[in-house]
Amino acid sequence: MSGQINEIIAAVKAIHDVSTPNDKRIEYTKAIETLKDSDPYTLIPLAFQLINIEDSVVQHVGWNILDHLIRYTWVRMPPELLIRMRDGVLEHMLQRQFTLDNQNSTVKTALVRSLVLMIEQEWPQNWPDLIDNLKNIICGENATPSQCYMIFLVLKRLVEDVVTLSTIENVTRRKDLYSSLVLSVGDIISMTLFRIHKCISTNLNENVLLVKSALELISEIMEWVPIKSVNEKLSETIEACCLLLSCSSANVHEEAAKCLYRLVCKKRTKTDETSIVHELLKKTPVQAILTTANEAAIVGAASPEYYKFLKVLTDLLCELGLRITEIWKTLDSNDLDTFPTYLTALFALFNHPSLIIRSDISAVIVGIVLNPDIAKLPQFTQLMEINLTNFVKYMEKIGSISKNDNDITSHYNRMDYDNEIDFTRDFVQLRARCCRIVQTTIVDYKDKYFNIMADWLQSRCLTVPQDITPTEWESFQKYIKTVVNSAYDKKIVDATTEESLTYIFDSVFRQLCTINDLKLANEIMSICSPLFNILRSHPDRIVPILNQCKHFLLLENNDLYEVKVIKRHVMIVMLRLVTMLSNTIQPYADNVYQVCCEAFSHVTIMQRGSLVQVLSALSNLCPNPNVKSEFLYNALKMNIEYIESDDFQKILQSPANFFEYVGFNLESVKDDDINSSVVIKNRITLKSNLFTIEGALQQVTVPENDVNPLYGILLPLIPKLFRFGNILNEMYDSKYASLIHPSYGEELLQISRDERRVLLTQITETDFTNQNPKDTYGPLEHAQLFISDLHDCVQSILGSCGSRLYNSFYETPNCSEMLGSLVSNISNTPYNRLRFWVKRTWTPLLSKCPLSKLRVIGPMLFGVVEHLTKVLDKLWRDIENFDTSDDQSEDEVLMEHITCTLTRETVSMYRLLFMSEAIAPNGKSGDESKKLTKELLDEKGLIILKEQQFLNNFIPNLMRILTCKDTQSAIRSLSICRIVVDTIKDISTEQIAKYLLTQALLAVQIHGSDEVAIGPILLYIYTIYSTFRPKFPNLYNVLAEVPECTEENLSSFDARVMNIVRTNEQVVEKTKRDIVRKILKPIIATNIGQQHKRPAHLKQLPKIPVNIRGEIEKCAPDLNHSIFELWI
1 MSGQINEIIA AVKAIHDVST PNDKRIEYTK AIETLKDSDP YTLIPLAFQL
51 INIEDSVVQH VGWNILDHLI RYTWVRMPPE LLIRMRDGVL EHMLQRQFTL
101 DNQNSTVKTA LVRSLVLMIE QEWPQNWPDL IDNLKNIICG ENATPSQCYM
151 IFLVLKRLVE DVVTLSTIEN VTRRKDLYSS LVLSVGDIIS MTLFRIHKCI
201 STNLNENVLL VKSALELISE IMEWVPIKSV NEKLSETIEA CCLLLSCSSA
251 NVHEEAAKCL YRLVCKKRTK TDETSIVHEL LKKTPVQAIL TTANEAAIVG
301 AASPEYYKFL KVLTDLLCEL GLRITEIWKT LDSNDLDTFP TYLTALFALF
351 NHPSLIIRSD ISAVIVGIVL NPDIAKLPQF TQLMEINLTN FVKYMEKIGS
401 ISKNDNDITS HYNRMDYDNE IDFTRDFVQL RARCCRIVQT TIVDYKDKYF
451 NIMADWLQSR CLTVPQDITP TEWESFQKYI KTVVNSAYDK KIVDATTEES
501 LTYIFDSVFR QLCTINDLKL ANEIMSICSP LFNILRSHPD RIVPILNQCK
551 HFLLLENNDL YEVKVIKRHV MIVMLRLVTM LSNTIQPYAD NVYQVCCEAF
601 SHVTIMQRGS LVQVLSALSN LCPNPNVKSE FLYNALKMNI EYIESDDFQK
651 ILQSPANFFE YVGFNLESVK DDDINSSVVI KNRITLKSNL FTIEGALQQV
701 TVPENDVNPL YGILLPLIPK LFRFGNILNE MYDSKYASLI HPSYGEELLQ
751 ISRDERRVLL TQITETDFTN QNPKDTYGPL EHAQLFISDL HDCVQSILGS
801 CGSRLYNSFY ETPNCSEMLG SLVSNISNTP YNRLRFWVKR TWTPLLSKCP
851 LSKLRVIGPM LFGVVEHLTK VLDKLWRDIE NFDTSDDQSE DEVLMEHITC
901 TLTRETVSMY RLLFMSEAIA PNGKSGDESK KLTKELLDEK GLIILKEQQF
951 LNNFIPNLMR ILTCKDTQSA IRSLSICRIV VDTIKDISTE QIAKYLLTQA
1001 LLAVQIHGSD EVAIGPILLY IYTIYSTFRP KFPNLYNVLA EVPECTEENL
1051 SSFDARVMNI VRTNEQVVEK TKRDIVRKIL KPIIATNIGQ QHKRPAHLKQ
1101 LPKIPVNIRG EIEKCAPDLN HSIFELWI
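Counting in full-length UniProt numbering, the sequence shown tops out at residue 1128, every number present.
Shown next, in the form of structure tokens:
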């Protein structure tokens, strides 16, 4: 034996020696692994010898051997070996003096794991006095800190395995262990508190690590245990935690705060919450929590540890506040005695410099103001009035994480955030909560909120606007918009308030009219916009507003950045006036029209499109369809003339002509020549005209069944626009690549650097390329951006023919040919463009087609489905062939993301095509699985699915989506799969039925590890089998090929399903899923942690009678004390 020990020690040391050759290291590792499966009679003594060696690495090998024996051979070993292992582990745990810190943590973890594994095998049936014996040790006079510490670790690990992490796969054993823990939790809490009080009464500083371990155990228990099981010890537990809030050694105070927090936020019913809140609202806990919070706030800036402690206390107070709002009506007068103190502390923390603390507290204040009973309390209203200005103050983004300034908020930001993105996200959340508070309380504090607004306008905006920082402008623009809109929404603006707001508007507007700084004018205009509500009662202000808008629009120097910005803002304001105040603005429609007409020659060609959007929205005010149509025609006349011009006609002849028109066949234009370049002018002209038409289509609205006047106006242009869409696809044909000038290169038609960065950033939330974007674009980047913008405009215009003009468009002559032209060159379209064709163009054109005109979309639909079938199959095959042995390259990550998004857009299109509009956008298959297929299927979808030619391409495409690696797409496609099965059940062949079942089995192998997907997939498999099995008995043979599926189980499954079908038995979904799960268990995908895990089996023990503690000893009288009686 000694020789073998020495060999093992030498092998272990060699494995961990960096100089050992790798082949030798593998050889030694295999030898040790082989040793684990040898005779337990010789292996157990060997393992105990190893764990007594001083070297911790060797000890760990000994514990691994014991762990292996317990997991994989326990149920086969004789009782005497089990006793020997049990006694040896317990003896080692109780006699060895372990340190209470992280020293030798791997050995302690291994010991605890081994003991817990034995407990999970035998407790409580064969080990009924386990908890009593542990209690005797902890509460004994001779108990050492090491013994108590290790017992706490054992109990904590047991709770984690059974409840928190739920790692025990055997459901019966897990339920038995859970029930036993619930029954024993009172004793566990009792002995843990005993040891805590013992440590406090003797020498807390020496035992601080033991106390911390005890608190961790209580925290782990309190989060899940039914409150009735710990009610007797609840007060004592809270008292002990509060007592330890003042102990900063080893961060015990933080652990005590976490324990209280987990107690408050534990899962429970509302009726159970009252006792916890009652206890915490007593004077002693409230004073202890608030006192320590105050102390932590004072020293938090200088001490990261105390600041971390303060954040835990904040979490505790926030969770307590939210619970109070839920159960307010159950609180009695004793609880209310400390509530004012709690509120005071809450608002004190709200004013803490930390953004995180401030944001968390604001969530509680939102909850309180939404509770009318609490919001009316005098103490709360008093605190609210004091802090009204702070709600506004904290809407401003203060501090940073990059600047090395002395601001206290920045100091905390640097402790909390690693990047600006997270900081901005939390600030936006805080600002949204402050706005919510203002919106909710506007009725109670209306005058005060308006006074804050008026004071700022008077003292800052109207007096020293040049001193206002951009962040201050932004915050007060947000605040004023929130206050004014909320007041009008809640109809609390009386005559006096209206008069005050009108005075404020007049003052700000006068400032706007007199200021010469365009940058300041832009900011002041953002202050004016929220005040437009007063125009409903004071329409006489509309003309001066329009005159001022005209003043800005007539400004010269369009190349100046400030001029461009103010003009863009003015057009947005005018569009807002026309759309938001349509009834008020209607008498002044001529004035709006005149302003647009006069400004037309003073704005850039791109900005003219925005003016046409204003006119298009203005046309909605016209009650006469003929007048409206003529008005829109005049507004779009220049754009119509351009589309009908010879230049555009030449573009439509071929991509070569398009390249020539926009200069892609010429040397790229240098910066100095941009203003005089003809091809740059052509690009701007083409883009602006398309942009204008797109904007008009978005703004013109008509009643549901009325004809859109734009249809008649754009009818001559529609074929040309569809042809141009075809050109945009055809230009990617390789035969045109040679026409592109070398100064642009092949990259011109490839995905741009910016598009690539955006896509990668969406995936990784960071800059995947680790490159900073260039400040300026070169000719190539400008050209790529131009191509991208053209695609966006054209795709939107063509899609609008379906979404906006559907009442007339499908009756257009040659409509079917036009739609078909969109797919004639589809094979040339790059994958990164394809997803947008699906989303913006094909989906609205196909889904909006009336039932009576379905044949019009036939050629396009068949072409789209056929192409998507080929593309998705190719893309997913390429992804499946990626080398997974190394990290993915940037190109592979990008391609996988593009493929996933294309797949998801395809599923969304199919859902809108086949399912009812109310259900299609949702895609929560868990909810949809409860609906019958006739509730899901739209009448249009039913007609399409009867076309055999369509099904030949559609079903393979649908199955490719179901079996792709993107689980989200697979889940959303399941409802369509069910629809297909139900629709084709009478026309299906046996080959199709087998194909559907085989693909469904493949899906469960791919997505079975996803908890959301597995249920609907199993139900779908049941649907296939129950639908086709009566007609095609050979489906039975498909399931017979499932590995490890016995003939007995399969016959039982088949008989059960056939009986359900024959008798039309009403079976709940869970039963259907369970009977399928039983036979498919060998092929259902497991998560990565389970894939290569060796199966471990627990003992089959007698069942425990429910809620009868004393019966545990009677469950197995033959084994009760014969195997496990705790050694002390």
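Virtual Cβ for every residue (Gly too), placed ideally from N, Cα, C.
Sequence-distant partners of L581 (beyond 5 residues in either direction) whose C-beta falls short of 8 Å from its own C-beta, in its chain, are F532, L535 and R536. Secondary structure of L554 (DSSP, three-state): coil.
The alpha carbon of I727 has as its nearest neighbour, out of T829, N6 and I492, the alpha carbon of T829. For R157, the enclosing alpha helix (DSSP H) begins and ends at P145 to V159. Counting along the chain, P340 sits inside the alpha helix (DSSP H) bounded by residues S333 to F350.
Taking a contact to require three or more Cβ pairs closer than 8 Å, the segment 605 to 619 and the segment 560 to 578 qualify as touching. Just so you know, the alpha carbons of L846 and Q477 end up roughly 42 Å apart. Sequence-distant partners of Y831 (beyond 5 residues in either direction) whose C-beta falls short of 6 Å from its own C-beta, in its chain, are I898. In this structure, DSSP gives L245 a state outside helix and strand, which the three-state scheme calls coil.
L1035 sits close to Y1025, with the two beta carbons spaced by under 8 Å.
Annotated three-state conformation of L690 is helix, per DSSP. Here L937 carries a strand assignment [DSSP, helix/strand/coil].
When the five nearest sequence neighbours on each side are left out, the beta carbons in the same chain lying within less than 6 Å of the beta carbon of G62 are those of A47, L50 and I51, in order along the chain.
DSSP places M395 outside both helix and strand once states are collapsed to three, so it counts as coil. Note on geometry: alpha-carbon atoms of N620 and G778 lie some 42 Å from one another. Only buried fits C801, as 16 or more other CB atoms lie within 10 angstroms of its CB. Contact between V700 and N708 holds: their C-beta atoms lie close to 6 Å from each other, under 8 Å. Sixteen is the threshold: since fewer than 16 other Cβ atoms of the shown chains lie within 10 Å of the Cβ of H16, the residue is exposed. Cα atoms of W328 and L210: separation of roughly 38 Å, rounded to the nearest angstrom. Taken atom to atom, the span from the alpha-carbon of D422 to that of R433 is near 17 Å. Taking the Cα positions, Y995 is about 52 Å away from L43. Here the alpha carbon of I138 sits roughly 7 Å from the alpha carbon of M191. Counting every other CB atom within 10 Å of its CB across the protein chains shown gives I492 a total below 16, marking it as exposed.
The way I'd put it, the segment 277 to 289 doesn't touch the segment 219 to 232; fewer than three beta-carbon pairs between them come closer than 8 Å. Under the rule that a run must span 4 or more residues, the alpha helix (DSSP H) segments found entirely inside the segment 506 to 530 read 518 to 528. For the 8 Å CB-CB criterion, L313 and A288 do not form a contact.
DSSP places M731 outside any alpha helix (DSSP H), giving it a letter other than H or E. From the listed residues L462, Q121, D418 and I713, the smallest Cα separation to V508 is found for L462. Under DSSP, M915 shares a beta bridge with L937. Straight-line measurement puts the Cα of Y661 at about 14 Å from the Cα of V669.
A distance below 8 Å separates the beta carbons of A375 and V369. Classified as buried, P128 has 16 or more neighbouring CB atoms from the shown chains inside 10 Å of its CB. DSSP places F1032 outside any alpha helix (DSSP H), giving it a letter other than H or E. By the Cβ rule, the segment 747 to 758 does not count as touching the segment 676 to 683, because fewer than three pairs are nearer than 8 Å. Contact check for Q784 and F836: beta-carbon distance about 15 Å, past the 8 Å limit, so the pair fails to qualify. Taking C-beta atoms as the reference points, T144 and I189 fail to come closer than 8 Å.
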